[in-house]
Amino acid sequence: MLLVFILTSSLPVAGKPIHQQRRSTTSVPVSPEFVKVLHLRLGVDTEHRLENKIGKGEVTIGGHSNSGRVWLFRNGLKLLADGFEGDGGSYILDTLVFSEWRGRLGETKELAKFGLGSWSKLQIGMSKQGCLQVLPKSMPKPTMAKDEFTWKKDVIGKRNGKRGKFHYEAALRFTHGRLASLLLEGYLLNR
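The sequence shown begins at 2 in this note's numbering and counts up one residue at a time.
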């Protein structure tokens, strides 16, 4: 009796790159431009990924136990990050707050190589009108309140097999009519 073994391998389907054939547990539509910063996907990427890019942050009290991080940069920038529990003890990044910088935000040497998106030309102390003038013309019109401009968008997607709505929000906060901080948020609202 003769036994014949045929060895096969998993070959990619013709016309599709291998990376497109893998199943992903996260299906997130393109984030709105107003939350694109540091090549991160808020609500999807982890604080660990942020720390791999810009260095370890100091642990602070955040929305969840030990989830807050803070960095202080040479131009005075204070960057706060917060997340929530994710897989494997890693926090999923849902909040970034930029405050107290000097000059243009995009001139923060430690962050410039990662890009600060629509926000790079902002300067602390700018007037409301000044802020609107330096933002890209393609940005949607914000909702304007006395001390805050906000941009919001909800997008349907999946994370870890759960379908839900990703909520994205950006806010410029003003004190006495002058820019004080930039807040960016992105998280999944479970359905």
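Beta carbons are placed, not taken as given, at the ideal position from N, Cα and C, and that holds for glycine.
- Query: When DSSP builds the beta bridges, which residues end up paired with R164?
  - Reply: Your numbering for residue 164 matches position 163 in the sequence shown. In the DSSP output, where bridge partners are listed per residue, R164 has K159.
- Query: For the alpha helix (DSSP H) that contains L51, what are its first and last residues?
  - Reply: Counting from one through the sequence shown, the residue named residue 51 turns up at place 50. Unbroken alpha helix (DSSP H) run through L51: 48-55.
- Determine the direct distance from the alpha carbon of V98 to that of K153, and round the result to whole angstroms. Walking along the sequence shown from the start, residue 153 turns up at place 152. Walking along the sequence shown from the start, residue 98 turns up at place 97. If I take the Cα positions, the gap works out to 16 Å.
- Query: Which residues in the same chain as F74 place their Cβ atom closer than 6 Å to its Cβ, once the five residues preceding and following it in sequence are excluded?
  - Reply: Locating residue 74 in the sequence shown gives position 73, where the first residue counts as 1. Excluding residues within five positions, the ones whose Cβ falls inside 6 Å are T109, E111.
- Query: At what residues does the beta strand (DSSP E) containing E101 begin and finish?
  - Reply: Here residue 101 refers to the residue found at position 100 of the sequence shown. Neither: E101 is in no beta strand (DSSP E) and is coded neither H nor E.
- Task: Count the CB pairs spanning the stretch 129-140 and the stretch 154-165 that are closer than 8 Å, and state whether there are at least three.
- Result: no
- Query: Shortest alpha-carbon distance to Q124 belongs to which of K114, G104, E34?
  - Reply: Taking the sequence shown and counting its residues from 1, the one referred to as residue 124 is at position 123. Comparing Cα positions, the closest option is G104.
- Any idea which residues DSSP pairs Q124 with across the strands? As a first step, residue 124 is located in the sequence shown; it is residue number 123 there, counting from the start. BP columns for Q124 point to R105.
- Message: Only counting the same chain, and skipping five residues up and downstream in sequence, which positions put a Cβ closer than 7 Å to that of G58?
- Response: Against the sequence shown, residue 58 aligns to sequence position 57. Excluding residues within five positions, the ones whose Cβ falls inside 7 Å are E52, R70, V71, W72, A82.
- Query: Near D46, which residues of its chain fall below 7 Å by C-beta distance, leaving aside the five closest residues on each side in sequence?
  - Reply: Residue 46 sits at position 45 when you count from the first residue of the sequence shown. For D46, where only same-chain residues beyond five positions count, the Cβ hits under 7 Å are L94.
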